[in-house]
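Residues in the sequence shown are numbered consecutively from 22, following our numbering.
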Amino acid sequence: MPSDTTDNPGPSGLARFFLQWVATTVSVLVAAHLVPGVGYDRFQSLAVAALILGLLNAFVRPILVILSLPFVLITLGLGIVFVIGFINALFLWLAGRWVDGFDVHGFWPALFGGLVVGVVSSLLNRMFGSGPTKTRTSPDSRPRPGRNRRSGPPDGNGPVIDV
């Protein structure tokens with residue numbers, strides 16, 4: 022059955038970068054307040070740490086994910102959770118080492134802080150619409166006059182729900 026997939030990229034260019042940076046900054050702020058061992062002295066340090074996290078995620082994460090593909094394949098895809106967790110922890114720890122006034126004290130605070138940053142920034146990016154979204158429509162999903170959409174034949178020619 023043919024279906025049309027359209028991309029709605031949301032904001033582009035500088036606006037998208039700014040929204041992702043704000044989402045990362047808020048998520049690092051949340052992690053600093055929730056996770057003992059992650060802290061900052063002033064907001065500027067937090068914003069610079071979020072900028073470094075964004076740059077590492079944009080340029081270094083893809084390389085590390087590709088390098089970890091053998092492990093992910095051996096674990097039948099389940100290892101990606103650990104890979105992403107450790108990458109987030111590493112990047113948060115590096116930001117703590119590189120930015121004066123932003124501190125990450127040890128592996129466990131980095132791991133839990135990376136988890137918080139990942140979850141919160143993902144939620145915020147979805148809310149802001151700064152991540153790509155896909156919608157799929159089926160040609161037969163349009164309502165037709167004189168036909169109730171719920172009482173149509175069970176031949177699979179209905180709306181496509183992509184979760």
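We put the CB at the ideal spot given by N, CA and C, even for glycine.
**OP:** Could you check what DSSP says for G150 in three-state terms: helix, strand or coil?
**Re:** coil
Original post:
What residue does the beta strand (DSSP E) around V56 start on, and which one ends it?
Top reply: Neither: V56 is in no beta strand (DSSP E) and is coded neither H nor E.
Original post:
Nearest to P83 by CA position, among P91, V140 and I108, is which residue?
Top reply: I108
Subject >> Secondary structure of V43, DSSP reduced to three states >> reply: helix
**OP:** Report all residues from its chain with a CB closer than 7 Å to the CB of L55; omit the five preceding and five following residues, and keep chain order.
**Re:** V137
Original post:
With a Cβ-Cβ cutoff of 7 Å, do A52 and V59 count as a contact?
Top reply: yes
**OP:** For F123, write down the residues that DSSP places opposite it in a beta bridge.
**Re:** Y61
Original post:
Which value, in whole angstroms, describes the spacing of the CA atoms of Y61 and F123?
Top reply: 4 Å
Original post:
So, is G139 buried or exposed, given that buried needs 16 or more other C-beta atoms within 10 angstroms?
Top reply: buried
Original post:
Which one of A79, S33, P32 and A44 has the shortest CA to CA distance from L145?
Top reply: A44
Original post:
Taking buried to mean at least 16 other C-beta atoms within 10 Å of its own C-beta, is I95 buried or exposed?
Top reply: exposed
Subject >> Cβ-based burial, P130 [other Cβ within 10 Å; buried from 16] >> reply: buried
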